[in-house]
Every structure is written in structure tokens, then in C-alpha cells.
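Single-structure report; data block below.
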Amino acid sequence: MEHLQKKILQEGKILSDTVLKVDSFLNHQVDPVLMQEIGKEFADRFLGNGVTKVLTLESSGIAPATMTALELGVPVVFARKKKSLTLADDLYTAEVYSYTKKDTNQISVAKDYLAKNDRVLLIDDFLANGQAVLGLMDVIRQAKAACVGAGVVIEKGFQEGGKQLRNQGIKLESLAIIKSLTNKKVTFQKEDVT
Ligand code: G4P
Ligand code: NA
Ligand code: NA
Numbered sequence: 010m011e012h013l014q015k016k017i018l019q020e021g022k023i024l025s026d027t028v029l030k031v032d033s034f035l036n037h038q039v040d041p042v043l044m045q046e047i048g049k050e051f052a053d054r055f056l057g058n059g060v061t062k063v064l065t066l067e068s069s070g071i072a073p074a075t076m077t078a079l080e081l082g083v084p085v086v087f088a089r090k091k092k093s094l095t096l097a098d099d100l101y102t103a104e105v106y107s108y109t110k111k112d113t114n115q116i117s118v119a120k121d122y123l124a125k126n127d128r129v130l131l132i133d134d135f136l137a138n139g140q141a142v143l144g145l146m147d148v149i150r151q152a153k154a155a156c157v158g159a160g161v162v163i164e165k166g167f168q169e170g171g172k173q174l175r176n177q178g179i180k181l182e183s184l185a186i187i188k189s190l191t192n193k194k195v196t197f198q199k200e201d202v203t
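Here the sequence shown is numbered in our numbering, starting from 10 and rising by one per residue.
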């Protein structure tokens, strides 16, 4: 996705050798035109996989996940990070540890919105160590639904998540893969290289 790479190069702020800030189009302000292209691209890449539902994690996953679901003509569900007022019995929950934030979040999805005949596509904004995707996959497993794969907008190729998920045989599609953020420069990896 050339448009996405261009946005990252033009508007991304390198905070350190491992963190890229993209608040101007993905994590705070949202660029709806870019988001629509992202949705179309994910929909193309997972067309023919029989997706019945898109699943993401609040908050920054919601925009790309919604555009993808719109293209595929299916609903989108976002897992919540905050404790819900709903009875725990009515929820699927998983623990997600963030290496970046050194903090564990409990994520939850109401049982009403995932069924055992669902074929679920996971979408998220960033892939670093893969803990969010693994937590969402745990939720899908609890629902006895099927996971058709995961799409992430930006994969940090120098962290372990992508490798781990691909090694487990998960279909993972990343629209931009960052090879390095060192020397105050963003370097991309070819999309098909793992
Ligand atoms: P992991 O799921 O791949 O293991 O990622 P990790 O725990 O390290 O990420 C924690 C949060 O930080 C996630 O957002 C993730 O999207 C975000 N993140 C990780 N690396 C980067 C980065 O280089 N740049 C930016 N902008 N974000 C990064 P979150 O806490 O779920 O927040 P939200 O934005 O979805 O609300
Ligand atoms: Na996220
Ligand atoms: Na995020």
C-alpha cells in the first residue's frame, strides 16, 4: 500500500528506535479516505475466506476494522478493555500483556456477538509482540468459532509478533511492515517477506 507508506514517511514521528507515532491518521485523528483504502485492501486479501465477522480491540483498531467490515458486508465487533457491567458469565475474556506498556489488560467480548459458526477476521492497527492478536484468538477459541487470519495496518517487523503468528500457520496480512526505525529513519520491508 503505497498511500499508507507515504503517510507514514510524511507524518509519522519516530519517538525512539522502537516506537512510531502516527496520531495524525491512525491513533488519534483518523484519515477516512486512507481508512477506506485500507478496508478495501484487507477485504481483497481475505476475500474467499468466508468471513462472517470482523473482530478488533478498542480503540485504534475500530476504524480500519469497520472499513474492512463494510467492504465485506459483515458486522464488526470490538473487544473491550474496560471491565464491563455485564455479568462475567455473559463474556469471553482473555488477558493481554503489553510489553510496550508493561501492563496487563483484561479484554472481553459479550457471548452474544460471537457464535460457533462464525468465521472471524482479526484486524488491528499495530502488530508489535502479537499479544493483542493472541488474546483475541483466545476469545475466538472460547466461542468455538474459526479464525480465518489477521490483518494489521502496521507491523513492526523487528519485533517478534509477526514471526510468531506466521510460525503458528496463521494467515497474517500486514499493509506496511517496518524493518527499522533506527537513525531517525523509517525503513520498510517488502510486504511478502517474513
Ligand atoms: P502487541 O499487542 O503486538 O504485543 O503490542 P503491544 O502490547 O506492545 O502494544 C500496546 C499498545 O501500543 C497497543 O495499542 C499497540 O497498538 C500500540 N503500539 C505498539 N507499538 C506501537 C508503535 O510503534 N506505535 C504506535 N503508535 N502504537 C504502538 P493500545 O494500547 O491497544 O491502544 P489503542 O491505540 O488501540 O487505544
Ligand atoms: Na490497537
Ligand atoms: Na494502538
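Virtual Cβ for every residue (Gly too), placed ideally from N, Cα, C.
Computed from a predicted structure; not experimentally measured.
Which listed residue (the options) has its alpha carbon closest to that of residue i
i: residue 138; options: 173, 78, 100, 149; result: 173
i: residue 151; options: 78, 64, 124, 50; result: 124
i: residue 47; options: 71, 114, 61; result: 71
i: residue 133; options: 49, 182, 24; result: 182
Cβ neighbour criterion (16 or more within 10 Å) applied to residue i
i: residue 117; result: buried
i: residue 140; result: buried
i: residue 104; result: exposed
i: residue 185; result: buried
i: residue 175; result: exposed
i: residue 194; result: exposed
i: residue 69; result: buried
i: residue 84; result: exposed
i: residue 77; result: buried
i: residue 97; result: exposed
Nonlocal neighbours in the same chain, by C-beta distance under 7 Å from residue i, ignoring five residues either side
i: residue 95; result: 119
i: residue 44; result: 72, 73, 76
i: residue 189; result: 167, 196
Beta-carbon contacts of residue i that lie in its chain and below 8 Å, excluding the five residues immediately before and after
i: residue 157; result: 55, 58, 59, 60, 128, 129, 130, 180
Cut-off 6 Å between Cβ atoms - residues of its own chain near residue i, not counting five sequence neighbours on either side
i: residue 155; result: 128
i: residue 31; result: 21
Item to check | Residues whose Cβ lies closer than 7 Å to any heavy atom of ligand 2, in chain order | outcome: 66, 69, 70, 133, 134, 135, 141
Item to check | Contained beta strand (DSSP E) runs [length at least 3] in the segment 151 to 202, N- to C-terminal order | outcome: 155 to 165, 181 to 189, 196 to 198
Item to check | Uninterrupted alpha helix (DSSP H) stretches inside the segment 58 to 137 (no shorter than 4 residues) | outcome: 71 to 81
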